[in-house]
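If you read the protein sequences in the order shown, they are chains Z and W.
Count the first sequence with the working numbering and you get residues 1 to 173, in order.
Count the second sequence with the working numbering and you get residues 1001 to 1173, in order.
There are 2 protein chains.
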Amino acid sequence: MPNKPSIEGRTKGVEALYEKPGHLVRRANQISMAIFAKECSELDLTSVQYAALTAICDCDGIDATRLSGLIALDRATIGGVMDRLETKGWVHRKPSQSDRRIKALHISASGKALLEAAGPKVDEVQKRLLAPLSPDEQQTFLQLLTKLVLLGNENSRAPQKELDAQPLKEDAA
Amino acid sequence: MPNKPSIEGRTKGVEALYEKPGHLVRRANQISMAIFAKECSELDLTSVQYAALTAICDCDGIDATRLSGLIALDRATIGGVMDRLETKGWVHRKPSQSDRRIKALHISASGKALLEAAGPKVDEVQKRLLAPLSPDEQQTFLQLLTKLVLLGNENSRAPQKELDAQPLKEDAA
DNA sequence: TGCTGATAGTATGTATGCTGAATAAAAATA
DNA sequence: TATTTTTATTCAGCATACATACTATCAGCA
């Protein structure tokens, strides 16, 4: 992607930007989100919403704080995401009996149906995102990216956390 | 990151998420931005603002639409970014004489000073982001990430574009 | 010259993503 | 038991990010 000779000297600083990992990661995320949006627009579903729904489906009755750790979504952001999922009827919140601070999260039938419909499309997103790389390169890339994310986990405000206990039976299903 | 045996079956769907490139790329960007924020918070500078300033410094008199292509920043987002840069006194906008639709962008002295102060910190961000990988791995990772971003470029709404002409001399410095 | 299509900038509305603070309830402890 | 600390949620506010639409202007062309 060379610029024309006439501006070569002047764009040096910008081209330094193109090599910076931070910039490249931002671009990759931009591309990933764009592909997701195209693929799932008719479902009215974002990638964050898909992640949240997947987690709630798996961990029925989970609370927002633990969900936040599971999918590495900022705690303060989750409220709005849940509002939208609830508006679309895919999730409902039920106050916990044992801890009145908690609102247990449950997926609805339509939420499950949506998850199933989205599954193949989400897989297609991953395929298209990695398409520029050969199968070998894809494997290497994923391995390195996983390492980077795992070991860099604590640097983000919303580090991924494993579930240290299952939700109370009372809040499940 | 195994979960306790008791919930192993239930979290299977969530763990599938952890292997998805889209999720990993989102996490990597999250981590990258967090490191940048920590490193540059005392400068009151975000990574997007740094990218924009770098480009404006290099291409004095550039207009917002071309800047958008240079750093792959959504056209509709640039207005707000420029507002904030102008408020902080790092950039000023000057109406073009030859095309009254255009507002040429210029970096100020304090903007240049800030860029110089930020330079080492931004380099440190890149180092910390890649720190989980060995030198060899870092090189491989950057190479694959660059390939992915270059070839996936057209998938995003704000694809990176090279400058096809320099700004009119009239609008420069 | 007058019309038409393309372009630059802006505005509106939605969705993350984060900081910091406020509130309420539970847990720990003196 | 009373006090302190921790925890769960929410809210206000700022900064991207994107879709869509609107205005002003420019450029090409009949």
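Idealized CB from N, CA, C, for every residue including glycine.
In this text, all values refer to a predicted model and were calculated from it rather than measured experimentally.
Nearest residue (CA-CA) to S1032 of chain W, options Z:Q160, Z:N153 and Z:V125:
Within the second sequence, numbered from 1, the residue matching residue 1032 of chain W stands at position 32. Minimum Cα distance to S1032 of chain W is reached at Z:N153.
Mind pulling the chain W residues with CB within less than 9 Å of I102 of chain Z?
Along the first sequence, read from residue 1 onward, the residue named residue 102 of chain Z stands at position 102. Correct list: empty, because the minimum Cβ distance to chain W is about 18 Å.
If you pair each beta-carbon of the segment 1142 to 1161 of chain W with each one of the segment 1055 to 1075 of chain W, do three or more pairs fall below 8 Å?
Touching, per the Cβ criterion.
Which chain W residues are close to H23 of chain Z, counting only those with a beta carbon under 7 Å from its beta carbon?
Taking the first sequence and counting its residues from 1, one reaches residue 23 of chain Z at position 23. A1051, listed in chain order.
Less than 8 Å between C-beta atoms, sequence neighbours within five positions excluded: which residues of the same chain meet that for G1111 of chain W?
Looking up residue 1111 of chain W in the second sequence gives position 111. Excluding residues within five positions, the ones whose Cβ falls inside 8 Å are L1053, I1056, C1057, L1085, G1089, W1090 and V1091.
Per the DSSP calculation, A1016 of chain W is bridged to which residue(s)?
Here the question's residue 1016 of chain W lines up with position 16 in the second sequence. Note: A1016 of chain W sits in no beta bridge, so no partner.
Do I1062 of chain W and V1125 of chain W have their beta-carbon atoms positioned less than 8 Å apart in this structure?
Here residue 1125 of chain W refers to the residue found at position 125 of the second sequence. Here residue 1062 of chain W refers to the residue found at position 62 of the second sequence. Not a contact, by the Cβ cut-off of 8 Å.
Rounded distance between the beta-carbons of F1141 of chain W and L1129 of chain W, thought under 8 Å
As a working note, residue 1129 of chain W is residue 129 in the second sequence. As a working note, residue 1141 of chain W is residue 141 in the second sequence. Not a contact, Cβ separation roughly 10 Å.
Closer than 9 Å between beta carbons: that is the criterion. Which residues of the segment 30 to 47 of chain Z meet it against chain W?
Q30, I31, S32, M33, A34, I35, F36, A37, K38 and S47
CB K127 of chain Z to CB C40 of chain Z, shorter than 8 Å?
For the purposes of this step, residue 127 of chain Z is taken as residue 127 along the first sequence, with counting starting at 1. For the purposes of this step, residue 40 of chain Z is taken as residue 40 along the first sequence, with counting starting at 1. No, they are not a contact pair.
Give me the Cα-Cα distance between V1149 of chain W and L144 of chain Z, rounded to the nearest whole angstrom.
Looking up residue 1149 of chain W in the second sequence gives position 149. Looking up residue 144 of chain Z in the first sequence gives position 144. If you take the alpha carbons of V1149 of chain W and L144 of chain Z, they lie about 16 Å apart.
Going along chain Z, which residues have a C-beta under 7 Å from T1146 of chain W?
As a first step, residue 1146 of chain W is located in the second sequence; it is residue number 146 there, counting from the start. The contacting residues are L24.
In whole angstroms, what separates the C-alpha of A1173 of chain W from that of S1096 of chain W?
Numbered from 1 along the second sequence, position 173 holds the residue referred to as residue 1173 of chain W. Numbered from 1 along the second sequence, position 96 holds the residue referred to as residue 1096 of chain W. In this predicted model, A1173 of chain W has a pLDDT of only 49, less than 50, meaning its place in the structure is not dependable; the value taken from the coordinates is given anyway. Answer to the nearest angstrom: the Cα atoms are 12 Å apart.
Within 10 Å of its beta-carbon, does R26 of chain Z have 16 or more other beta-carbons around it, so buried, or fewer, so exposed?
Counting from one through the first sequence, the residue named residue 26 of chain Z turns up at place 26. Buried, because 16 or more other Cβ atoms sit within 10 Å of the Cβ of R26 of chain Z.
Quick one: is Q30 of chain Z buried, meaning 16 or more other Cβ sit within 10 Å of its Cβ, or exposed?
As a first step, residue 30 of chain Z is located in the first sequence; it is residue number 30 there, counting from the start. Buried, since its Cβ has 16 or more Cβ neighbours within 10 Å.
Against chain Z, does V1125 of chain W count as a neighbour if the rule is that its beta carbon must be under 8 Å from one of theirs?
Here residue 1125 of chain W refers to the residue found at position 125 when the second sequence is read from its first residue. It does: the Cβ of V1125 of chain W has a partner Cβ on chain Z nearer than 8 Å.
Below 7 Å between beta carbons is the criterion; list the residues of the segment 1110 to 1122 of chain W that meet it against any residue of chain Z, in chain order.
none
Could you check where the alpha helix (DSSP H) with L1130 of chain W kicks off and where it finishes?
Looking up residue 1130 of chain W in the second sequence gives position 130. Taken as a continuous stretch (DSSP letters only), the alpha helix (DSSP H) holding L1130 of chain W covers A1109 to L1130.
Using Cβ-Cβ distances below 8 Å, what residues of the segment 1076 to 1102 of chain W are close to chain Z?
Cβ contacts with chain Z come from no residue of the segment 1076 to 1102 of chain W.
For A64 of chain Z, would you say it is in contact with chain W, using Cβ-to-Cβ distances shorter than 8 Å as the test?
Against the first sequence, residue 64 of chain Z aligns to sequence position 64. False, the Cβ-Cβ gap to chain W never drops below 8 Å.
Rounded separation between C1059 of chain W and L1045 of chain W - CA only:
Taking the first residue of the second sequence as position 1, residue 1059 of chain W is located at position 59. Taking the first residue of the second sequence as position 1, residue 1045 of chain W is located at position 45. Distance between the alpha carbons of C1059 of chain W and L1045 of chain W is about 20 Å.
Contacts around A64 of chain Z, its chain only, beta-carbon distance under 6 Å, and the 5 residues preceding and following it disregarded
Here residue 64 of chain Z refers to the residue found at position 64 when the first sequence is read from its first residue. Cβ contact annotation for A64 of chain Z (same chain, cutoff 6 Å, sequence separation greater than five): I78, in chain order.
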